[in-house]
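All remarks here apply to the structure that follows.
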Amino acid sequence: MLIGRKVLAEDLIIPLISKIKEKKELQEISDDFVRAELFKYFQTNPKSAELIDKPKSTKYKSIVKENRAKLRRVYGLFRIDEQIKQRRELVEKYLQKSSKKIIEEILKTHSSTEERLPYYEKLYEKIFKITGKPKVVIDLGCGVNPFSLLYMNLRSLHYYAYDISDEEIFSLQGFFKTLHENNSFFQGHAAVLDLLHFSQLKNLEKADLCFLFKMTDVLDRGKGHKATEEVLQSIPAKFIVVSFPTKTMSGKKMNFPRRKWIELLAHRLGYSFKTIELSNEIFYVIKK
């Protein structure tokens, strides 16, 4: 890792990554993602890089603490331990004997997919009415959303899922393999990817449709919407579905659930859009 003119040795970076990931809620995140976040941190705080060979120092502990806090924000706050364990067990159960009931239980292990559970079939029906039935789908920051594939009612499909969680990607690889064994017309691919690496997005497979569910806050991090703009422009898909919650953290319905900024952004980029609003989430179906 090169910071300015200083090269940070790999034998110092690896223990630092391990130290940061000691917290259970961060253990799912890939080492490559943590490494990329550390690189950004040291670019902003170059003097801190000089102390990574002093693991007992106050500054070293501060580096660990600050990067853990940042990862929690980026990674969607805390992934609850019991939910992760439960999901792991359910995925194993599904791989042994697939059933829609187990899929429902897997989707219930994450708040966003649990909220969509009563509406998934209707949601995909509404999306496909606008986009047409896709042959190729990309799901960015996918989480467990790909487990909702059964609600799409599509026989022939190539599905590409990307997230920063090694464990979720591993589970999806097994799930996709099982789906392919049951239906040779389905092809699935799951891999770790940091969405902020815009150049990598441009190299993804060309798709009919891309899902970007509840990801703009993670991308923008309260610093305007330049990152979201870059991502939208980089995604090689004809349609991109961007979603936002319509309730506050306390569970109250928002007075103005629409996001004017993304509407203005779409207009400026020459994109058109239509909206779909469910009880807890609003979806912008953007056509590039």
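Following our numbering from start to finish, the sequence shown increments by one per residue and tops out at 283.
Even for Gly, the Cβ is constructed at its ideal location relative to N, Cα and C.
Same chain, Cβ closer than 6 Å to residue i, neighbours up to 5 away in sequence not counted
i	result
residue 156	134, 137, 141, 167, 185
residue 110	275
residue 211	223
residue 273	114
residue 126	204, 234
residue 191	none
Alpha carbon of residue i to alpha carbon of residue j, nearest angstrom
i	j	result
residue 60	residue 15	8 Å
residue 231	residue 264	15 Å
residue 241	residue 258	16 Å
residue 182	residue 35	35 Å
residue 132	residue 147	11 Å
residue 260	residue 226	12 Å
residue 37	residue 154	36 Å
residue 150	residue 206	19 Å
residue 41	residue 220	26 Å
residue 269	residue 197	24 Å
8 Å Cβ shell around residue i - same chain, five flanking residues per side excluded
i	result
residue 72	With a pLDDT of 45 at residue 72, under the threshold of 50, the predicted position of this residue should be treated as unreliable, though the coordinate-derived value follows. Correct list: empty, nothing qualifies.
residue 54	43, 46
7 Å Cβ cutoff met for residue i and residue j
i	j	result
residue 160	residue 23	yes
residue 208	residue 238	yes
residue 173	residue 93	yes
residue 215	residue 31	no
residue 277	residue 252	yes
residue 26	residue 8	no
residue 164	residue 187	yes
residue 66	residue 33	no
Close Cβ partners of residue i (< 7 Å) along its chain, the five nearest in sequence each way excluded
i	result
residue 81	104
Nearest-angstrom beta carbon gap, residue j and residue i [assumed within contact, 8 Å]
i	j	result
residue 99	residue 112	7 Å
residue 301	residue 18	There is no way to answer for residue 301, as the model of the chain reaches only from -4 to 283.
residue 88	residue 97	6 Å
residue 85	residue 101	5 Å
residue 121	residue 152	No, residue 121 and residue 152 are not in contact; Cβ-Cβ is about 18 Å, not under 8 Å.
Any non-hydrogen atom of the ligand FMN within 6 Å of residue i CB
i	result
residue 8	This structure lacks the ligand FMN; in fact it carries no ligand of any kind.
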